[in-house]
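Have a look at the structure below before the remarks.
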Amino acid sequence: MNKSPKYRPSTIAVHAGVQEDPNAKAVGTPIYQSSTFYLTDAVYDAMRRGLVRDEYIYTRYGNPTQRAAAEKIATLEGAESALVFSSGMAAISSTLLAFLKPGDHLVCGADLYGGTYSFIIQKLIPLGVEVTYFDTEDADSAKHALKPNTRIVYFETLTNPLLKVPDVQALADVAHQAGALALVDSTFATPINQQPLSWGVDLVIHSGTKYLNGHGDLICGAVAGSRAHTDLIWKNLLLYGGCLDPTASHYLERGLKTLALRLERQNANALALAVWLEKHPRVEQVFYPFLESNPRREVARKYLKGGSGMVTFRVQGGDENALKLLQHLRLFRVASSLGGIESLVSLPMNTSHVQFTADERARLGILPGTIRLSVGIEDVDDLRLELENALSRI
Ligand code: PLP
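Under the numbering used here, the residues of the sequence shown are numbered 1 to 394, in order.
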């Protein structure tokens, strides 16, 4: 399927990226479970010219099953090119290290996935990269953070766990005015709810482990953007070795086929639960982009087609009651990932934000009693009844 814009996301999700199988003429892309490929004259020629990204030589360099998943993601993001990785962290580290060297400055949204935060602290700063954080929802604060050596403005397009909505276009402009790149982690937003490249962002990263695969049975990552930028990142994919195994690539591509369908249900389920939770007497606050009470809902309307399946709320009685509530949930499994078809629940204070002090969490807006839901595709009435029952017991 070509990258014609006439196709809409549901169609792209099913058809884009399929690699032709000239021998058996399979409709789907076969799993090319081979570490290596025959060395042909074309391959030797490409190697001589240093143009091996498009050839199949060795699976760390590229494989048709990886390519099927990568092209589907590229088409969904409206990107020229994409790469798949063995994890979201492999995608993040390989991408940041492709554009940063000692003495460079990185400007980051303050609301970051914990692993990204640790990578910055434990790897980038010791490497000699300067880092300044900005208020994710205040593009002016990113502007004030710029320095002559700023190379990247990095943020998450929908943040964990409070679902903050940054002004993507303004932040991309801030980056470009400084001659820097705008890079985003769009794991929570997904290409169904937002296409950051259309707002001027240069590269979009995903933990494919979450919504892209969507079935909670795979660890993978991806980055999408221009061919020139992804060529640079591809060199790190080779050197750091974070390639995605062909069978895992197949599962990712298969999962992606239902991305639009899953998100339609997850957006609807999560919105319904967020609206309902907000009226519950034991709930102090609910965080969801499209709630009428959300002061950022106009920004959300500009940038998001749906609010995702993530809902965060705070119960009365702090962490003690939050922990008690978890004991009364069955459909919502107590586990720390997100974005799959099954509903999950976790507390940021003892999972994603456990490395922060209570004060640091409070500064990010994560107060005691905060509970994060990843709402799946189950019947929303069953999910609501379960939450109602659990809330009545705290
Ligand atoms: N980015 C975000 C927003 C995440 O939530 C996660 C994992 O939870 C990652 C990146 C890292 O992805 P992975 O676990 O696939 O390495």
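Positions of the beta carbon are idealized from the N, C-alpha and C atoms, including for glycine.
This one's a predicted model, so the numbers in the text were calculated from it and none came from an experiment.
Exercise for the section: Locate the beta strand (DSSP E) running through GLY225, then write down its first and last residues. Expected result: 221 to 225
Taking the beta carbon of LYS164 as the centre, do at least 16 other beta carbons fall within 10 Å, making it buried, or is it exposed? buried
Helix, strand or coil for HIS229, going by three-state DSSP, please let me know.
helix
- Message: Taking DSSP's pairing of strands, which residues face PHE155 in a bridge?
- Response: VAL184
task: Following the continuous alpha helix (DSSP H) through GLU386, name the residue where it begins and the one where it ends.
output: 380 to 392
Do the region 237 to 244 and the region 18 to 25 make contact, defined as three or more Cβ pairs closer than 8 angstroms? no
Beta strand (DSSP E) containing HIS206: first to last residue? 203 to 207
**Prompt:** What span of residues does the beta strand (DSSP E) with VAL84 cover, start to end?
**Reply:** 81 to 85
Relative to the C-alpha of GLU223, which candidate in HIS250, LEU183 and PHE188 has its C-alpha closest? Checking the displayed sequence, the identity of residue 223 turns out to be Val instead of Glu. Looking at the Cα atoms, LEU183 is the closest of the given residues.
Check: Should MET349 go down as buried or exposed, given a rule of 16 or more other Cβ atoms within 10 Å for buried?
Finding: buried
*Consult DSSP for LEU100 and reduce its assignment to one of helix, strand or coil.*
coil
| query | Can you pull the DSSP bridge partners for MET310? | reply | SER374
If LEU291 sits next to VAL275, beta carbons under 8 angstroms apart, how far is it from one beta carbon to the other, in whole angstroms? 7 angstroms
So, at 8 angstroms on beta carbons, what are the nonlocal neighbours of ASP140 in its own chain, with the 5 sequence-adjacent residues on each side left out? none
Do you know whose CA, among CYS108, GLY109, LEU100 and ALA322, lies nearest LEU127's CA? LEU100
Checklist entry - Whose CA, out of PRO295, ARG314 and GLY307, lies closest to the CA of PRO281? => result ARG314
Inset, instruction - Buried or exposed for VAL27, please, with buried defined as at least 16 other CB atoms from any protein chain shown within 10 angstroms of its CB. - result: exposed
Pair within 8 angstroms by beta-carbon distance, GLY114 and GLN355: yes
message = Contact between the region 298 to 309 and the region 321 to 330 is defined here as three or more beta-carbon pairs at a separation below 8 angstroms; is this criterion met?
response = no
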